[in-house]
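Quick note, the sequence shown lines up with residues 1 to 186 if you use this note's numbering. Quick reminder that beta carbons are idealized off the backbone N, C-alpha and C, glycines included. Here the structure is a predicted model, which means the values were calculated and not measured. Notes follow once the structure below has been shown.
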Amino acid sequence: MLEVPTTETRPVLSLDMTRMTKLLSLDEANGIAVIECGANGRELEVALNAKGYTMGHEPDSYEFSTLGGWVSTAASGMKRSRYGNIEDMILNCDLVTAPDGVVHRRLLARARSSHGPEVQSLLFGSEGNFGVIVTASVKVHKLASRQNYGAYGKKQAHGKGALPSRGSRSAWISLAAGRAITWHSC
Ligand SMILES: Cc1cc2nc3c(=O)[nH]c(=O)nc-3n(C[C@H](O)[C@H](O)[C@H](O)COP(=O)(O)OP(=O)(O)OC[C@H]3O[C@@H](n4cnc5c(N)ncnc54)[C@H](O)[C@@H]3O)c2cc1C
Numbered sequence: 001m002l003e004v005p006t007t008e009t010r011p012v013l014s015l016d017m018t019r020m021t022k023l024l025s026l027d028e029a030n031g032i033a034v035i036e037c038g039a040n041g042r043e044l045e046v047a048l049n050a051k052g053y054t055m056g057h058e059p060d061s062y063e064f065s066t067l068g069g070w071v072s073t074a075a076s077g078m079k080r081s082r083y084g085n086i087e088d089m090i091l092n093c094d095l096v097t098a099p100d101g102v103v104h105r106r107l108l109a110r111a112r113s114s115h116g117p118e119v120q121s122l123l124f125g126s127e128g129n130f131g132v133i134v135t136a137s138v139k140v141h142k143l144a145s146r147q148n149y150g151a152y153g154k155k156q157a158h159g160k161g162a163l164p165s166r167g168s169r170s171a172w173i174s175l176a177a178g179r180a181i182t183w184h185s186c
């Protein structure tokens with residue numbers, strides 16, 4: 001629930017996007033999905049996984065945070081070394097601006113240009129200041145046919161096969177509190 005400080009004099013708007021979660025289209029030839037920006041990480045991956053695809057963006061808040069929120073906060077996920085940060089994944093966004101509710105389509109022209117600063121990229125980390133991001137075109141990847149997860153602590157530090165073998169593609173490896181290592185390869 002949104003709680004506004006009693007001393008706040010400015011208008012405060014709370015926008016519920018929980019019904020804007022649809023996978024609108026999937027272009028398999030080009031690896032592009034168009035998704036509504038109220039979708040949280042789980043909703044978005046369930047829809048993509050059902051068609052054999054993933055976006056590969058997994059911030060720790062993935063079950064609660066949304067596609068629109070990721071763009072607005074320039075989010076970074078656990079699998080960034082494999083799939084990149086959010087700004088590497090977004091191809092286009094549609095933005096609705098106040099006060100008239102104008103829909104600006106295809107805001108991020110991701111084709112390379114030499115026309116000076118890329119003002120569209122201001123959306124990354126904009127925290128909702130320019131408008132509401134309603135849909136986004138994102139890069140998607142085929143799900144790996146096999147995925148491995150693992151973890152090991154001090155006792156198994158020398159255990160054979162504990163870590164992903166040389167040549168396998170790791171999406172992330174993390175060292176937790178200097179004591180345990182977890183990994184995911186796919
Ligand atoms: C436990 C925990 C773990 C986290 N882990 C990570 C992590 O691994 N990586 C990381 O980068 N961040 C992480 N975060 C921070 C946070 O989850 C991210 O910043 C996330 O991207 C916010 O998305 P949200 O949908 O929750 O946005 P909100 O928190 O609801 O909003 C964040 C800002 O974006 C704006 N906004 C939201 N949706 C839209 C929209 N559709 N259009 C325009 N503006 C919008 C809001 O107005 C606000 O200014 C974590 C947070 C928590 C609590």
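Inter-residue distance for residue 13 and residue 58 is about 28 angstroms (C-alpha atoms, whole angstroms). Taking C-alpha positions only, residue 8 is separated from residue 149 by approximately 47 angstroms.
By the Cβ criterion, the stretch 121-136 is in contact with the stretch 82-99, since at least three pairs of Cβ atoms, one from each stretch, lie closer than 8 angstroms. If you look at residue 102, you'll find it in the beta strand (DSSP E) that goes 102-104. Closest in C-alpha terms to residue 173, from the list 86, 77 and 140, comes 77.
When the beta-carbon positions are compared, residue 66 and residue 39 come within less than 9 angstroms of each other. Per DSSP, the unbroken alpha helix (DSSP H) holding residue 49 starts and ends at 41-49.
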